[in-house]
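J.:
There are 2 protein chains.
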Amino acid sequence: MSGKGENFEDQAFVTLVTNDRYAYGALVVGQSLRDVGTTRQLAILITPQVTQPMRRQLSMLYDYIQEVNPLDSQDDAHLALLTRPDLGITFTKLYSWRLTQYSKCVFLDADTLVLQNVDDLFDREELSAAPDVGWPDCFNSGVFVFKPSNETYRGLLQCAVTQGSFDGGDQGLLNTFFSDWATADINKHLPFIYNMTSAISYSYLPAFVRFGNEVRIVHFIGRTKPWMYRYNTQTGTISRPSDVDVTHDSIYVKMWWDVFMSKVKPRIEQEQGTPLQDSPSITPPSIAPCHHGGGGETMSHDSSDSNHCRHGHSYQGYSTVPEHYQIGGGGVQHRPPPSVPQERTSVPTVVRFLS
Amino acid sequence: MSGKGENFEDQAFVTLVTNDRYAYGALVVGQSLRDVGTTRQLAILITPQVTQPMRRQLSMLYDYIQEVNPLDSQDDAHLALLTRPDLGITFTKLYSWRLTQYSKCVFLDADTLVLQNVDDLFDREELSAAPDVGWPDCFNSGVFVFKPSNETYRGLLQCAVTQGSFDGGDQGLLNTFFSDWATADINKHLPFIYNMTSAISYSYLPAFVRFGNEVRIVHFIGRTKPWMYRYNTQTGTISRPSDVDVTHDSIYVKMWWDVFMSKVKPRIEQEQGTPLQDSPSITPPSIAPCHHGGGGETMSHDSSDSNHCRHGHSYQGYSTVPEHYQIGGGGVQHRPPPSVPQERTSVPTVVRFLS
Chain G
1 MSGKGENFED QAFVTLVTND RYAYGALVVG QSLRDVGTTR QLAILITPQV TQPMRRQLSM
61 LYDYIQEVNP LDSQDDAHLA LLTRPDLGIT FTKLYSWRLT QYSKCVFLDA DTLVLQNVDD
121 LFDREELSAA PDVGWPDCFN SGVFVFKPSN ETYRGLLQCA VTQGSFDGGD QGLLNTFFSD
181 WATADINKHL PFIYNMTSAI SYSYLPAFVR FGNEVRIVHF IGRTKPWMYR YNTQTGTISR
241 PSDVDVTHDS IYVKMWWDVF MSKVKPRIEQ EQGTPLQDSP SITPPSIAPC HHGGGGETMS
301 HDSSDSNHCR HGHSYQGYST VPEHYQIGGG GVQHRPPPSV PQERTSVPTV VRFLS
Chain P
1 MSGKGENFED QAFVTLVTND RYAYGALVVG QSLRDVGTTR QLAILITPQV TQPMRRQLSM
61 LYDYIQEVNP LDSQDDAHLA LLTRPDLGIT FTKLYSWRLT QYSKCVFLDA DTLVLQNVDD
121 LFDREELSAA PDVGWPDCFN SGVFVFKPSN ETYRGLLQCA VTQGSFDGGD QGLLNTFFSD
181 WATADINKHL PFIYNMTSAI SYSYLPAFVR FGNEVRIVHF IGRTKPWMYR YNTQTGTISR
241 PSDVDVTHDS IYVKMWWDVF MSKVKPRIEQ EQGTPLQDSP SITPPSIAPC HHGGGGETMS
301 HDSSDSNHCR HGHSYQGYST VPEHYQIGGG GVQHRPPPSV PQERTSVPTV VRFLS
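In the order they appear, the protein sequences are chains G and P.
With UniProt numbering applied, the first sequence covers 1 to 355.
With UniProt numbering applied, the second sequence covers 1 to 355.
#1: Count Cβ pairs between the region 124-133 of chain G and the region 187-207 of chain G that sit closer than 8 angstroms; are there 3 or more?
#2: Less than 8 angstroms separating the beta-carbons of Ser203(P) and His248(P)?
#3: Name the one or two DSSP bridge partners that Leu121(P) has.
#4: Check the DSSP bridge columns for Ala43(G) and list the partner residues they point to.
#5: Can you tell me the Cα-Cα spacing of Met54(P) and Cys159(G), whole angstroms?
#6: Between the region 154-171 of chain G and chain P, which residues of the former have a C-beta closer than 8 angstroms to a C-beta of the latter?
#7: Looking at Asp119(P): is its Cβ nearer than 8 angstroms to the Cβ of Thr39(P)?
#8: What is the DSSP secondary structure of Pro70(G), counted as helix, strand or coil?
#9: Can you name the residues of chain A whose CB is closer than 7 angstroms to the CB of Gly134(P)?
#10: Can you pull the chain P neighbours of residue 363(G), defined as C-beta to C-beta under 7 angstroms?
#11: Does DSSP put Gly134(P) in a helix, a strand or coil?
#12: Whole angstroms is fine: what's the gap from Pro70(P)'s alpha carbon to Asp20(P)'s?
#13: Would you verify that the beta carbon of His308(P) is, or is not, closer than 8 angstroms to some beta carbon of chain G?
#14: Report the residues of the region 235-251 of chain G with a CB closer than 9 angstroms to any CB of chain P, ordered along the chain.
#15: Which residues in the same chain as Ser141(G) place their Cβ atom closer than 6 angstroms to its Cβ, once the five residues preceding and following it in sequence are excluded?
#16: What did DSSP end up calling Tyr204(G) once you bin it into helix, strand or coil?
#17: Ends of the beta strand (DSSP E) at Tyr231(P)?
#18: What does the alpha-carbon distance come out to for the pair Lys263(G) and Thr162(G)?
#19: List the residues of chain G whose Cβ lies closer than 8 angstroms to the Cβ of Thr112(P), in chain order.
#20: Would Ile186(P) count as contacting chain G if we go by Cβ distances under 8 angstroms?
#21: What is the DSSP secondary structure of His248(G), counted as helix, strand or coil?
#22: Am I right that Gly37(P) and Asn117(P) are in contact with their C-beta atoms under 8 angstroms? What's the rounded C-beta distance?
#23: If you compare alpha carbons, which of Ala23(G), Tyr22(G), Leu45(G), Gly25(G) is closest to Ala12(G)?
#24: At what residues does the beta strand (DSSP E) containing Thr112(P) begin and finish?
#25: Can you find a CB in chain G that lies within less than 8 angstroms of the CB of Ser179(P)?
#26: Would you kindly work out how many angstroms separate the C-alpha atoms of Pro266(G) and Val114(G), rounded to a whole number?
#27: Return the chain-ordered ranges of every beta strand (DSSP E) run that is complete within the region 160-195 of chain G and spans a minimum of 3 residues.
#28: On the DSSP bridge list, what partners appear for Val264(G)?
#29: Hey, does Ile200(P) have any beta-carbon neighbour from chain G nearer than 8 angstroms?
#30: Taking a cut of 8 angstroms between CB atoms, which residues from the region 63-94 of chain P lie near chain G?
#31: In the DSSP assignment, the beta strand (DSSP E) including Val29(G) goes from what residue to what residue?
#32: If the cut is a Cβ gap below 8 angstroms, which residues of chain P does Phe260(G) touch?
#33: Based on Cα-Cα distance, which residue from Ile193(G), Glu125(G), Leu205(G) lies nearest to His219(G)?
#34: Would you kindly work out how many angstroms separate the C-alpha atoms of Ile238(P) and Trp257(P), rounded to a whole number?
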């Protein structure tokens, strides 16, 4: 569709995080997009909960950062949210359609990992997505092609207020709004290899053996995310947390950690000026003072799952019943964040905070 | 597509069983098709293992019975089977394409159950099927629309010999042969409600709540089949066998048993002249002397699953490691089969045995 060397500044990959824990996912998926040589922009939506040190990290990778807060917004979302407070985080994701500086976007949940270049997704039209393994006449909203438009945004808000979301999250709402996905146009069915659930080898191993080497994007669905695993820096092995709900294929969790260790961790350490605790094993620690007390050694588990432990939201970690686990090894050294965010030198970054 | 009162004798639902245990499934799915008032013919392929008493039962429900035996066949299948003995049962299923007396057919695995009329499936073209939840770019071969054709049959045999089956069964082979299913024509994607796996509420409950009442065909995938459950005739409740691999929604297992108890069991008893053991609970007993020894009180579990406990073949029960369980209550009374098969009076039956 497009010649080599073209400028694609009006097309972007978009993700969303609402706290620092999922921001580790955003750092890894953003890095994985850089590693496969994407020619498109990287944009991220964040909520006020994301700390300043984490925003600095994100700004070193993403071209565009926008803070959104539906509760304080001046548009219809605020009013809609008063009617449907249950859809709070979903309204944040809908902001993606307001990124009208882009002509076309690909949304990637923060718990995805890109293994091969997927810029060809921009040849697809709105709304293109891959089937959800839970009910394959629904698309999975972890990876989808969309066209920013204020009109569509308002339509989505209206749909949220009048029809709600059958699963309490964005996937139910988006499937209601784009309800002809299953029947209208085969070209809007992304191949499953663009949004393969990371536990798929347990459900149909022969198909995974046959097609698995073509996988382009892995999606770590469920409550248990790669950043909850423990990584042993001496052996390069990973180990699961004790209370997993989904058993991800370890090869993909290892790939996630390989990106984290090789590119993300060094950048955090350079920024902090101190090494991360890495012996004998680490999980991504907070890079800002922890909100949970206890000196930063604990992180809240992400258990926002409204969909029977399968379809946890992919951008936040709010929990009605918080669970905690111990970060391996000793504590993490923090230093007070500098007052001026550092900018990445290789890729220009626009940081724009809206409320 | 078709006016009321038309004759559809050239269109048929087709199923396949290779032993008496799966034949109980065929009796129930055939009955369920009658119960929803299908206007199409019912045809069944059986292998030599199916006993004479069971053939009589099948002949009371099915319009057309054909015995097939690839090992003794005089066509290319025999030669092909010598090359790929691993695909023995798969070759039997391919015989469906040789039913050229029909212009169009819908294949239903014997472990399906029809809840609403699905005659509209005949408006679809070959090869129409619903996505497989294990890898949704593959179709599930438990329900599919096809057009009998000797040319297609030979093509399938050729494909089996040259490319084989990536999952060792018919689904892998058919997905290889009809490889453009995922990308070519949205009309060949049957809605998931035409082949809904019976354990789906455990994987994406909100979608099941939203769409579950529209379900037309339930598919009991996996090794554990409804006829392995126990039914308590006093309470109307069902209980699972001890070693289930898939937890089916009990509401659908109950529906299966409701069909069995209300229509299939009375017909067996009428034919046998004695009541089936039904207190305090029963499972479908053999209606012919048991092949496993032990006086007919044991039945072999069906554990032919080549696909990581998810995609058990839906028409046979051969097991490399046979497991047994006890039929509830006392033994089942048998009487020697009469020498002349009885025919159903309401629907003409053609029984044709080929080798």
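All C-beta atoms in this analysis are idealised placements derived from N, C-alpha and C, irrespective of residue type, glycine included.
T.: This is what the structure gives:
#1: yes
#2: no
#3: Leu121(P) pairs with nothing; no bridge assigned.
#4: Val14(G), Tyr64(G)
#5: 55 angstroms
#6: Phe166, Asp167, Gly168
#7: yes
#8: helix
#9: Judged by its chain identifiers, the structure shown contains no chain A, and its protein chains are G and P.
#10: Absent from the model: residue 363(G). The displayed extent of chain G is 1 to 355, so no value can be given.
#11: Here Gly134(P) sits in coil by DSSP.
#12: 19 angstroms
#13: The predicted position of His308(P) is uncertain, since its pLDDT is 31 and thus under 50; no value can be drawn from it.
#14: none
#15: Asp170, Gln171, Leu174
#16: coil
#17: First-last of the beta strand (DSSP E) with Tyr231(P): 230-232.
#18: Taking the straight line joining both Cα atoms gives about 45 angstroms.
#19: Near Thr112(P) there are no residues of chain G at all, since even the closest Cβ is about 17 angstroms away, more than 8 angstroms.
#20: It does; some Cβ of chain G falls within 8 angstroms.
#21: coil
#22: 6 angstroms
#23: Leu45(G)
#24: 112-114 is the span of the beta strand (DSSP E), which, as asked, contains Thr112(P).
#25: It does not: the Cβ of Ser179(P) has no partner Cβ on chain G nearer than 8 angstroms.
#26: Their Cα atoms are separated by approximately 20 angstroms.
#27: none
#28: The partner list for Val264(G) (beta bridge, DSSP) is empty, contrary to what the question assumes.
#29: yes
#30: none
#31: Val29(G) -> not in any beta strand (DSSP E); alpha helix (DSSP H) instead, spanning 20-35.
#32: Those do not exist, as Phe260(G) stays about 28 angstroms from chain P at its closest Cβ, beyond 8 angstroms.
#33: Residue Ile193(G) is the option with its Cα nearest to His219(G).
#34: 8 angstroms
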